[in-house]
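In the UniProt record's numbering, the protein residues as written are 1 to 696.
Ideal placement from N, C-alpha and C gives every residue a C-beta, glycine not left out.
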Amino acid sequence: MSTTARKRLMRDFKRLHIDPPQGVNGSPAPDNIMQWNAVIFGPEDTPWDGTFRLTLEFQEEYPNKAPVVKFKSTMFHPNIYADGGICLDILQNQWSPIYDVSAILTSIQSLLCDPNPNSPANSEAARLYSENRREYNRRVSEGLSDIERAKALLVNNHPVSQRAVIDSLPALVKSKGKSAYVHLASSLLNNLAAQPNDAQVADAWIKAFQALAPSLDRAVLRSKALPVVMAKASASETSVASRLASCALLGALAPRLTREEVEQHFLRRGLTMCQEVDYVVRMCMCDQLAGLAKAVGRDVTAAQILPETLELVKDDDMRVRVAAVGALVGMLEVLPQDLRRSKAMPRLRQLCTENSGEADMARCLSRLMPTIFARVIGEQDNDQEVGSFLSSFRSLSASTDATARQTCASHVFTILQGATARRYATHLHDTLMTMVADQDENVRAALAGQFGDVCRLLGKERCQHYMKRPLLALLGDSTHAVKAAIAKNIGVTAFTSDQVYDNLVPIAVKYLTNGIASVMPAAADAVAASLRTNRRQHQRTELYGRMLRDFAHGRCFMRRCSFLIMAASLLARFSAKYFAEWCLSTVLELSSDPVPLVRLRVCPLMPALRSTLQLPDDAERLDKLSAALVTLSTDPDADVAAAARAVTGEFQSKPVRKKNEASPGADVAFAAFEAADKKKAAEESDMSMFADEIER
């Protein structure tokens, strides 16, 4: 590199560093002054409002020869090529040694919003710029990064577009980090202060601030957000929308400030808004009280916030009372223990009993009951106190509102965990039986979904004594949702091997024999599951022998196809060793079946069959399996041959396990398969069959 070029680039860098033009920046690579990285900030309030990265590559002839400049960011622009190259006269025939890096970057920045469609590098962009500016702007926004697109759409005056972007801001900041907030902070704070005309847009901005406040810099909150909140909370502000906004912003801001700052700026005004004439303001302020209590601490909460909250619990408007109950529960952890016991808990218990018929209050209390009960158990685990709250739970469970009853049903296991199994018979069994017979199927389904957990918590003896009737009732329920929920939660151990063998297996075999195509996989899997879970050797032997005799070796080709469907389930449920020992040879026999459809059924199984083998013990089986696939690949039936060739690549890529060695080429998924397979093999140590009967 020439000394002239080096000196000139050092001078350019110094000038750019000391007096940088607005919206551009650049620097050489640490180890090569001929390679530069640069950033251009597009003009605000335009489709190009964003950040764009470039590279500049200088030659030894610089400054007599222009550098090669390319965008690294994706660009949709009339004068930018697909590879990022720039069609700009000063980089081509109008270059002059007087241009430095600063001039190059500012010229490119100007080009963004002032293109030359008559000298296009992107003909489509040039055409849209000239003929359809709205579509051009939309395409520009599509090419921006998520942050850049958000900024571009936020200046859009369409409320729907704005709401969509605003709603996405918390997730965008979470995924992109601090850089996203740096770019979007001004829009956020400006719109909070301006109170947009569209109510939904204004609400979206407030929710975005609530979500972002925990991650924002405290200095920014104090200098930028605090004045906005104080202005909206001022006594002179008469707009209900502004007072609502101040409530919501206060709740989001308080946890980020010191106790002294909250007391100085917010506390008195917040408590005043608890007494507002408009119920919506009182209700919104209730939603902030728990956060405010945590910010100011125990003493101030006990002296000022708790009395106001207890008054709001008696408000004339039910919606305010519901919000106040949520606030009271939210501040339980802040209150001194004596106040919790003497004021908060008795009031909550009274509400549960008195308001179980009020739909909104019943829904609120049923949702909060696990939190309330956990506090009771943590502090007052005596039979009288616990019993009184369990009585409140029973009252809520008998509410006239179906949603409240459903919520209670979904909390039965959680409540029982706190109450312990010894209190079940006295306090909860009658409630559970009422839920089982509830007229609303959603209540019954919610209970059925946790029935297994309840049984495990009660233990064997209590379960046998108390749970038989509710189990039979749920199993005999008239709705599919309840049956499906209980079936997923009772587990296979709910029935003995004899019960499954005598009742379920005949039904599964029936549908495997004569069922429609969509039912056969489920029937085949039921048979495979029965073989896997049956603890009686003679029953396993008899059932599998029947599968071989009537299906694998059956005269009807459809039955042989049914066996292959079951083989797929056996592959999934049994260990590789077990399958290879008892089933692999039969599947290989069917690969040469005279009926093409049977051979076609074998083809998709071939890669999984290879995974069942382990060298050196299964070397002969591997040879037979590979030979079978080669034969199928040249099958006279075109469909069979095509299916075999389609799985050949997957078959060959499957690692073959080696005894006491890591499998070569094995990936994470195969390692997980081997770990699960070892677990299955350990569980199958006592699941052998009578080999002589199987062979017969």
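| query | result |
| --- | --- |
| Counting C-beta neighbours from all protein chains within 10 Å, is the total for Asn32 16 or more, i.e. buried, or is it exposed? | exposed |
| Classify Met435 as helix, strand or coil using the three-state DSSP reduction. | helix |
| At a cut of 8 Å, does the stretch 103–119 reach the stretch 31–46 through at least three beta carbon pairs? | yes |
| Are the beta-carbon atoms belonging to Ser591 and Leu512 less than 7 Å from one another? | no |
| Give me whichever residues DSSP pairs with Val39 in a beta bridge. | Asn25, Arg53 |
| In three-state terms, what does DSSP make of Ala682? | helix |
| Mapping DSSP to helix, strand and coil, what is residue 702? | There is simply no residue 702 to check, as the chain begins at 1 and stops at 696 in what is shown. |
| How would you label His265, buried or exposed, when you count the other beta carbons within 10 angstroms and need 16 or more for buried? | buried |
| Once DSSP output is grouped into helix, strand and coil, what is the label at Asn157? | Model confidence at Asn157 stands at a pLDDT of 48, short of 50, so the residue's coordinates are unreliable; what they give is reported in the following sentence. Coil. |
| Please state the DSSP three-state secondary structure of Gly515. | coil |
| Quick check on Leu548: does DSSP put it in helix, strand or coil? | helix |
| Give the range of the alpha helix (DSSP H) segment to which Phe563 is assigned. | 557–573 |
| In terms of alpha-carbon separation, which member of Gln539, Phe52, His538, Met566 lies closest to Val519? | Met566 |
| Who does Ile104 pair with in a DSSP beta bridge? | Answer is none; Ile104 lacks a bridge partner. |
| Drop a sphere of 10 angstroms on the beta-carbon of Cys556, count the other beta-carbons inside from all chains shown, and report buried for 16 or more, exposed for fewer. | exposed |
| Could you have a look at Leu216 and say whether DSSP puts it in helix, strand or coil? | coil |
| Tell me the DSSP bridge mates of Gly326? | In the DSSP output, where bridge partners are listed per residue, Gly326 has none listed. |
| Give the DSSP-derived three-state secondary structure of Asn32 in the structure shown. | strand |
| Only counting the same chain, and skipping five residues up and downstream in sequence, which positions put a Cβ closer than 7 Å to that of Met230? | His265 |
| Please report the straight-line C-alpha distance between Tyr578 and Ala529, rounded to a whole angstrom. | 14 Å |
| Taking a contact to mean a Cβ-Cβ separation below 7 Å, would you say Arg349 touches Ser397 in this structure? | no |
| What is the residue span of the alpha helix (DSSP H) that Phe413 lies within? | 412–419 |
| I need the straight-line Cα distance from Thr533 to Arg394, nearest angstrom please. | 39 Å |
| Can you tell me whether Gly85 is helix, strand or coil according to DSSP? | strand |
| What are the start and end residues of the alpha helix (DSSP H) that includes Val296? | 279–296 |
| Short of 8 Å in beta carbon distance, which residues of its chain neighbour Arg256, apart from the five on each side in sequence? Order them along the chain. | Ala213, Pro214, Leu216, Arg218, Leu221 |
| Kindly give me the distance between the Cβ atoms of Met318 and Glu358, rounded to whole angstroms, as I take these residues to be in contact under 8 Å. | 7 Å |
| Which term fits Met433, buried or exposed, when burial requires 16 or more other beta carbons within 10 angstroms of its beta carbon? | exposed |
| Can you grab the Cα-Cα spacing for the pair Val228 / Gly326, in whole Å? | 27 Å |
| Please report how far the alpha carbon of Asp299 lies from the alpha carbon of Leu312, in whole angstroms. | 20 Å |
| My understanding is that Gly297 touches Arg259, with C-beta atoms under 8 Å, so please give their C-beta distance in whole angstroms. | 6 Å |
| Using C-beta distances below 6 Å, list every residue in its chain close to Asn157, excluding the 5 sequence neighbours before and after it, in chain order. | Unreliable positioning characterises Asn157 in this predicted model, as indicated by a pLDDT of 48, which lies under 50. The coordinate reading is nonetheless provided below. There are no such residues. |
| So, under 8 Å CB-CB, Val443 and Ala409 are touching, yes? Tell me the CB distance rounded to an integer number of Å. | 5 Å |
| Rounded to whole angstroms, what's the CA-CA distance from Ala303 to Ala293? Just pull it up for me. | 11 Å |
| Helix, strand or coil, according to DSSP, for Phe71 in the structure here? | strand |
| From this set, Arg15, Ala248, Ala5, which residue's C-alpha is nearest Ser102's C-alpha? | Arg15 |
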